[in-house]
Every structure is written in C-alpha cells, then in structure tokens.
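Read the structure below first, then the notes.
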Amino acid sequence: METIKSRYAILGTLGDNEGFLTCSMHIAKNLNNADTIVPYPLFEEAAKDLKSERISCLLVPGAYPKINSFIMDSELEVSESFVKKIPALVLSGFGEKCPENIDIIFHHPATTYLLSEITTSYKENIAVSSNPEGCRMVIKNINRSIAITNQLCADHYGLTTYKVLRKGINMPWICFTKRLKE
11 METIKSRYAI LGTLGDNEGF LTCSMHIAKN LNNADTIVPY PLFEEAAKDL
61 KSERISCLLV PGAYPKINSF IMDSELEVSE SFVKKIPALV LSGFGEKCPE
111 NIDIIFHHPA TTYLLSEITT SYKENIAVSS NPEGCRMVIK NINRSIAITN
161 QLCADHYGLT TYKVLRKGIN MPWICFTKRL KE
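For what it's worth, the working numbering labels the leading residue of the sequence shown as 11, then goes sequentially.
Right under this line is the structure:
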C-alpha cells in the first residue's frame, strides 16, 4: 500500500463549487493531504495559479489527455504520484430506459474512449469540461441528451444510470508543484 507523503497548503484540481463531484475533487478530499482544496473549471487554470504561487499543488489524473503539457512544463515538476480508484463511470440521463436514439451525448475528454461502448445512436458527442458540467448539460437538454459521467454526479443530479461502463478504475494521479529555481 502506497503512502501519500506530502502535505500541501492549497491543492487545486478540476471541480466546481457544487461539492466533491468530479473524480479529481473526490480523490483530493479522500487523500486528506491538503489544508485547502480549490476547484478549477480547467486543469490549465489551476496550473496558471500554481505557477503564480496562488496554490501549492496541482492534482491531475493520468487519464487527462493533456497531462503531457504539465509534465513538460519547465515551471512545474512532479512532486509525487500514486494510484487511487475513481468512482464508477456510467451512462446516464433522464427517463427510466436508455433511449435508442438521442441527439447529443456529453462527456469529459478523458472518457472519449468509452463512446465506442455506447449502443445508443447519437448525432453528436460534445466534450465538456467536467462530469458535473455534462450532467448540467443533460438537464438543460432533457429528452435530447445523455452523458458519460461518474456515479457521484449522476446521483447528485438525479439522473438515471443506464449502464455502468467501468465499476471503478485504478487511476494514476500526479501531484505537480512549482519547480524551484536552481
């Protein structure tokens, strides 16, 4: 069992002010290795605040498609990495049964791979900034859309879970800090 060594004053990660609904906020809370957790609409915005020292750590899941930009950033460095299981990833929407045809499916870019496992026909897939955003978009587009999201969000927003796509994935996580000048 790995041990999370560092303690951060302010950890920033993907989230919003509605609670610990994103996988990132959920993991950050369960780690209990930060005095304060700050949600950001984009990992890139948190990285900007890390560089300007408004926060002391950026937490990013290994599935984030643009994680390489942080790894290669000369102003940032990896302070630690670890593996933690994320909540189940699900297909959800309104209505008791999953529709056979739909206009839109909302999903975070990290879950794009899961689109190939959806049997519902859809006209377009739209990438959103987070799982909660995907659920909010389904609410705005009732009867026209479904979402790939996590179970925490589906439950929070009162959506029906049509299919569990992943019961929970052991996800690699990376904590970034500002690189000290040498």
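By construction, the Cβ of each residue, glycine as well, lies at the ideal position given by its N, Cα and C atoms.
On a predicted model such as this, the values are computed, not experimentally measured, just so you know.
Looking at the unbroken alpha helix (DSSP H) that takes in M82, where does it start and where does it end? No alpha helix (DSSP H) holds M82; DSSP gives it neither H nor E.
Specify the secondary structure class of H166 as computed by DSSP and reduced to three states. Three-state result, H166: helix.
Restricting to runs no shorter than 4 residues, where is the alpha helix (DSSP H) found entirely within the segment 23–56? 33–41
Residue from W183, A137 and L24 whose Cα sits closest to the Cα of A56: L24
Given a threshold of 16 other Cβ atoms within 10 Å of its Cβ, counted over all protein chains shown, does P49 qualify as buried or as exposed? buried
What are the boundary residues of the alpha helix (DSSP H) that E134 is part of? Note, E134: premise wrong, no alpha helix (DSSP H); beta strand (DSSP E) at S131 to A137.
With 16 other CB atoms within 10 Å as the buried threshold, where does N160 fall? buried
Helix, strand or coil at A8 according to DSSP, with G and I counted as helix: Nothing about residue 8 can be read from this structure; the chain reaches only from 11 to 192.
Taking buried to mean at least 16 other C-beta atoms within 10 Å of its own C-beta, is M82 buried or exposed? exposed
Helix, strand or coil for G103, going by three-state DSSP, please let me know. strand
Return the residue from the list E28, R176 and M147 that minimises the CA-CA distance to Y123. R176
I want to know whether the segment 135–147 touches the segment 29–41 - three or more CB-CB distances under 8 Å. yes
How many Å lie between M11 and R17 at the Cα? Residue confidence for M11 is low, a pLDDT of 44 falling below 50, so the modelled location carries little weight; the figure read from the coordinates is stated next. Taking the straight line from one Cα to the other gives about 18 Å.
Where V123 sits in the DSSP three-state scheme: As written in the sequence, residue 123 is Tyr, which differs from the Val given in the question. DSSP places Y123 in helix when its eight states are reduced to three.
Using only the alpha-carbon positions, how far apart do K107 and D113 sit? 16 Å
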